[in-house]
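*Asks:* Have a look at the structure that comes next, please.
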Amino acid sequence: MTSIGPILAVPGIREALRQTSGVVAAVSPIVRGAAVSGPAGILMASQGLPVSIAGLGQAYADFLDVLVVDSKDAEAAEAVRKSGFRVHCTETIMRTASDKEKLAKAVMEFLSREDTTKTASGTT
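All you need for our numbering is the position in the sequence shown, starting with 1, plus 1.
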């Protein structure tokens with residue numbers, strides 16, 4: 002929310018994400034109903050969104066296909082899957098360079114197994 006919000010506000014960016022033929026993925030900045038760092042939770046609440054992975058899905062439903070969430074949110078991930086997202090669970094908290102590398106590798110592994118079918122915007 003914090004980093005992507007200003008980018009999505011640039012004219013044409015959100016529409017480009019909607020129209021891309023590629024799969025759009027995101028790593029959730031929310032773990033167990035709280036922002037990992039920064040004001041993401043405050044920004045979500047100010048937009049009337051629940052501070053949760055479901056709220057993140059609501060915010061990006063028009064372009065997001067794949068959501069990577071922390072393993073601590075595995076139970077909540079099922080509801081997000083039912084709303085149409087492909088969800089993968091892994092450790093997303095990055096404290097060390099090794100943690101960052103593990104997350105990057107996990108995301109790349111998830112995406113390598115994904116088909117290229119769009120789910121956002123009602124396209125299939």
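Each residue gets a CB set at the ideal place from its N, CA and C atoms; glycine is no exception.
Kindly indicate which three-state DSSP category R87 falls into: helix, strand or coil?
*Replies:* Strand, per DSSP.
*Asks:* Between the stretch 57-76 and the stretch 19-30, do at least 3 Cβ pairs fall closer than 8 Å?
*Replies:* Touching, yes, given that three or more Cβ pairs across the two stretches are closer than 8 Å.
*Asks:* Below 8 Å on the Cβ atoms is my guess for T120 versus L104; work out the distance and round it to an integer in Å.
*Replies:* Wrong, their Cβ atoms sit about 22 Å apart, outside the cutoff.
*Asks:* Indicate the three-state DSSP secondary structure (helix, strand or coil) for V108 in the structure shown.
*Replies:* DSSP places V108 in helix when its eight states are reduced to three.
*Asks:* Is the beta carbon of V69 sitting closer than 9 Å to the one on A77?
*Replies:* In this structure, A77 does not lie closer than 9 Å to V69 by Cβ.
*Asks:* Hey, K83 and V32: beta-carbon distance below 9 Å or not?
*Replies:* Contact flag unset, no.
*Asks:* Alpha carbon to alpha carbon, what distance is there between H89 and K106?
*Replies:* Cα to Cα, K106 sits roughly 13 Å from H89.
*Asks:* Taking C-beta to C-beta, are T3 and P51 nearer than 9 Å?
*Replies:* For T3 and P51, no; Cβs fall outside 9 Å.
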